[in-house]
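First residue of the first sequence? That's 1178 in the numbering used here, and the numbers climb one at a time after it.
Idealized CB from N, CA, C, for every residue including glycine.
None of the values given here were measured: they were computed from a predicted structure.
Contents: one structure, followed by commentary.
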Amino acid sequence: MEEYLQPIFSEVVGTVAPEFSGAIQFETPQNPDHGDLSTNIAMLLAKELKKAPRILANEIVEKLRKDSEVIEGVEIAGPGFINIRFSRKYFQDALGAILSLGNAYGHSRKYEGMMTNLEWVSANPTGNLHAGHGRQVCLGAAIANLLEWTGYKVIREYYFNNAGNQMRNLARSTQVRYLQELGQEISLPEEGYHGAEIIGIAKELVLKFGDSLQNAEQSDFQKFAEEANFLRIKNTLTRLGIHHDIYFNENTLYESGAIEKIIAELKEKDLAYEKDGAVWLKLSEMGQEQDRVIVKSTGEPTYRLPDICYHKDKLSRGYDLVIDIFGADHIATIPDVLAALKALGFDSGKVKVVIHQMVTFLSGTEVIKFSKRSGSNYLLDELIDDVGADATKFFFNMRAVGSHLEFDVELAKEQSEKNPVYYVQYAHARIASILRFAQQQEINIQMLTKADLTVLVHPEEISLIKILHRFPSLILQTAEAFAPHHICEYLRQVAAQFHKFYHDCRMVGQPEPVQSARLALALATKQVLASGCSILGVTAPESM
RNA sequence: GUGCCCGUAGCUCAGUUGGAUAGAGCAUCAGCCUUCUAAGCUGAGGGUCGUUGGUUCGAGUCCAACCGGGCACACCA
1178 MEEYLQPIFS EVVGTVAPEF SGAIQFETPQ NPDHGDLSTN IAMLLAKELK KAPRILANEI
1238 VEKLRKDSEV IEGVEIAGPG FINIRFSRKY FQDALGAILS LGNAYGHSRK YEGMMTNLEW
1298 VSANPTGNLH AGHGRQVCLG AAIANLLEWT GYKVIREYYF NNAGNQMRNL ARSTQVRYLQ
1358 ELGQEISLPE EGYHGAEIIG IAKELVLKFG DSLQNAEQSD FQKFAEEANF LRIKNTLTRL
1418 GIHHDIYFNE NTLYESGAIE KIIAELKEKD LAYEKDGAVW LKLSEMGQEQ DRVIVKSTGE
1478 PTYRLPDICY HKDKLSRGYD LVIDIFGADH IATIPDVLAA LKALGFDSGK VKVVIHQMVT
1538 FLSGTEVIKF SKRSGSNYLL DELIDDVGAD ATKFFFNMRA VGSHLEFDVE LAKEQSEKNP
1598 VYYVQYAHAR IASILRFAQQ QEINIQMLTK ADLTVLVHPE EISLIKILHR FPSLILQTAE
1658 AFAPHHICEY LRQVAAQFHK FYHDCRMVGQ PEPVQSARLA LALATKQVLA SGCSILGVTA
1718 PESM
């Protein structure tokens, strides 16, 4: 709609206000009585032209060269809004386009030829994914899908954090658990990993190797634990249908000498200095609050250094966009990394960081507590067991990333009308069922895409087409904002409008061409529901 | 104390780059199935958009201060 209006409005505005530059804004009014699209251009121009907004609006409307087949009406309203109403034919044609595009409907070529790297999950291989990880896991997967819909080639990456203290801790914890399994009186260090999965790994080691590892090196235990944990993490991701193209090992940064190199580079560019036996990054000269240590006096880097090094690596690979997804608890590290990259001469503007707020799990009204240390954590696997993969993915994407998320496990589990996942899926299954029924009545489903759509004039039919028509611009907007929660809300709207249409407009058994036209509308709705669900990774069932 | 996020209906939350009478789901109440899936539909009630100022034709949205909640502020990752 906007693409149609933009040029004809620009033309008129060009004659009325030649100095005006910039895009004319159109928006969908909240109140449908105000038309399909509305612009405030007359109000914006009123001031500099020193004319009353309504008079100016009148001038613009009179000069508008519009096709009456497309535009049904243009009205001036309120303080000077210009409201535009599109014709039935416009929407009927739009539905025809949806049907002929089929699966491709909603895909955009805006970012065709561009490549983005999205890195997410990246949980340390020190244990299983816990339920709280779920938000990041599902959010990243949806954003990756969304970006593909806009034309990006998306590289999905997992940063495998297998260096440093935590891994030594994991190694030691595994070793202790192993020795405990062999009956030795030895206790886990205070800061060790108390999770049950480490005991599981120890048991496996006993089964596999008996007591032959009693004198094994700690690094052997690290290798075993790392592999076992990573396998579990991957299994959990697989249950959600999520895969990564690249698994980037942190320790390759050390093995390749990249860490040494970047320290040298930072020193050489006078961005780092030595003090008290440690190497400090001059963050205070990069617009940050204070300098920070990047290499401890023990000679070991802090997390900042590999983070900077890793991002440098990603930027060097030539992506047009590098996306990180972090929980709010990692927020502190980001400005430092970006500042350092900028100081090293990289375009840090290419790095987009999506930060999501934390999650509270509820069972009804009761908060489910979990803590990694105590070992009584609620695992993502358990959450999937409880509510299923579809509800997991839908619920984690239901809220804006900046909002704290309350995940009601009882609600997600419930297979009822209260549960928004089933509401959306039910609409899809309902359409599938109707189409099956239609087929039994000897109606040719393949021919529906060629149906005569001019008989679609019922208000609920037009409303449904209008919603379906919004899909492509919704995808773009949602992708550019990294905000998949709009998809959830949109799917709910599509489902709701389909149910209204279903209620008012019988399909099968209507005289032709109404029967075919309505079934075609149902088919298009099914298509959009399935596409939207696929972005979230949620299945669109053929029956329920 | 400093930084980031949040404060909208009883509850959980939407609210496009500032727009017209602030929305949805759940919960509550009242209706609708001999006909394509009632896991559905229709209607009703429910609000000082945390508070106070400011910016302007116009503020839930932008700015400032304050109040309340979350997260983060290591030579931990």
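Under a 10 Å Cβ-count criterion, L1222 is classified as buried, with 16 or more other Cβ atoms of the shown protein chains found around its own Cβ. By the neighbour-count definition (other C-beta atoms within 10 Å, threshold 16), K1444 is an exposed residue. In the DSSP assignment, the residues bridged to S1215 are E1204, N1260. V1528 is positioned such that its CB atom lies closer than 8 angstroms to that of V1499. Per the coordinates, the alpha-carbon of D1213 lies some 10 angstroms from the alpha-carbon of G1250. Per DSSP, reduced to three states, the secondary structure at T1413 is helical. Boundaries of the alpha helix (DSSP H) around G1273: 1265 to 1278.
In the DSSP assignment, D1501 falls within the unbroken beta strand (DSSP E) covering 1498 to 1504.
Here the segment 1459 to 1475 lies against the segment 1513 to 1520, with 3 or more beta-carbon pairs under 8 angstroms apart.
Within the segment 1561 to 1587, the complete beta strand (DSSP E) segments of 3 residues or longer fall at 1582 to 1585, listed in chain order. Within the same chain, Q1534, M1535, V1536, T1537 come within 8 angstroms of H1581 by CB-CB distance, once the 5 residues on both sides are set aside. In this chain, F1186 is not harboured by any beta strand (DSSP E); it is covered by the alpha helix (DSSP H) spanning 1179 to 1193.
When secondary structure is reduced to three states using DSSP, S1640 falls in the helix class. Residue environment: S1215 is assigned as buried (16 or more neighbouring CB atoms within 10 Å of its CB, all protein chains considered). One thing to note: Y1600 has its Cβ within 8 angstroms of the Cβ of E1594. Remark: three or more beta-carbon pairs, one from each stretch, lie closer than 8 angstroms, so the segment 1699 to 1707 and the segment 1279 to 1287 are flagged as touching. DSSP links I1253 through a beta bridge to I1259.
For the options A1673, I1376, P1366, the alpha carbon positioned closest to that of I1642 is the one of A1673. Within its own chain, the residues whose Cβ lies closer than 8 angstroms to the Cβ of V1383, once the five positions on either side in sequence are excluded, are Y1355, E1358, L1359, listed in chain order.
Secondary structure remark: continuous beta strand (DSSP E) runs of at least 3 residues inside the segment 1423 to 1467, in chain order: 1423 to 1426, 1449 to 1452, 1455 to 1458. With respect to the C-alpha of V1298, the residue from L1306, A1449, M1292 having the closest C-alpha is L1306. The DSSP-derived three-state label of P1302 is coil. For T1537, the enclosing beta strand (DSSP E) starts and ends at 1536 to 1540. Around the beta carbon of K1570, a 10 Å sphere encloses 16 or more other beta carbons of the protein chains shown; the residue is thus reported as buried. Sequence-distant partners of L1417 (beyond 5 residues in either direction) whose C-beta falls short of 6 angstroms from its own C-beta, in its chain, are A1566.
In the DSSP assignment, K1529 is bridged to I1500.
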